[in-house]
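Structure, as structure tokens:
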Ligand code: FES
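Written out as structure tokens, the structure reads:
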């Protein structure tokens with residue numbers, strides 16, 4: 004795994020997400036309650052982008068058909084058991100945001 008600079012602090016508003024592409028890997032980067040989270044960017048339901056989903060605490064709602072995921076653990080919170088998105092460690096240094104990919 005390698006830390007890759009992906010954004011500057013302030014680029015992502017509170018309780019929102021932004022899709023980033025790190026060497027071909029699509030990642031949804033979220034900022035919620037003062038923390039950054041990184042999770043794979045395509046919903047496990049129909050592979051649609053989940054970064055624009057509504058964020059409430061550690062939960063994002065997929066904007067397509069309302070599946071809910073914990074953005075810290077990647078776990079799907081409804082519909083099916085055992086579904087887990089890949090999550091990535093996020094680090095902030097000197098105003099820069101890094102994701103461990
Ligand atoms: S694509 Fe996310 S809920 Fe359907």
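In our numbering, the protein residues as written are 4 to 104.
Yeah, the Cβ is synthetic: ideal placement off N, Cα and C, and Gly gets one too.
It should be emphasised that the depicted structure is a prediction, and the values quoted were computed from it without experimental measurement.
- request: Please list the segments of the beta strand (DSSP E) lying wholly inside the region 32-90, counting only runs of 3 or more residues, in order along the chain.
  value: 38-43, 57-59, 62-64, 71-73
message: Residues around ligand 1, please: the ones whose beta-carbon is closer than 5 Å to some heavy atom of it, in chain order.
response: 46, 48, 49, 51, 65, 67, 68, 70
task: Taking all protein chains shown into account, decide if residue 90 is buried (16 or more other Cβ within 10 angstroms of its Cβ) or exposed.
output: Taking the chain shown and counting its residues from 1, the one referred to as residue 90 is at position 87. Answer is buried; the Cβ neighbour count reaches 16.
field: Under 9 Å between C-beta atoms of residue 35 and residue 58
entry: Numbered from 1 along the chain shown, position 32 holds the residue referred to as residue 35. Numbered from 1 along the chain shown, position 55 holds the residue referred to as residue 58. Yes. Within cutoff.
- prompt: Buried or exposed: residue 83, going by 16 or more other Cβ atoms within 10 Å of its Cβ?
  reply: Taking the first residue of the chain shown as 1, we reach residue 83 at position 80. Exposed.
message: Rounding to the nearest angstrom, what Cα-Cα distance links residue 135 and residue 17 in this structure?
response: A query on residue 135 cannot be resolved here, the shown segment of the chain reaching from 4 to 104 and no further.
- prompt: If you draw a straight line from the alpha carbon of residue 99 to that of residue 38, how long is it in whole angstroms?
  reply: By 1-based counting over the chain shown, the position of residue 99 is 96. By 1-based counting over the chain shown, the position of residue 38 is 35. In a straight line, the C-alpha of residue 99 is about 13 Å away from that of residue 38.
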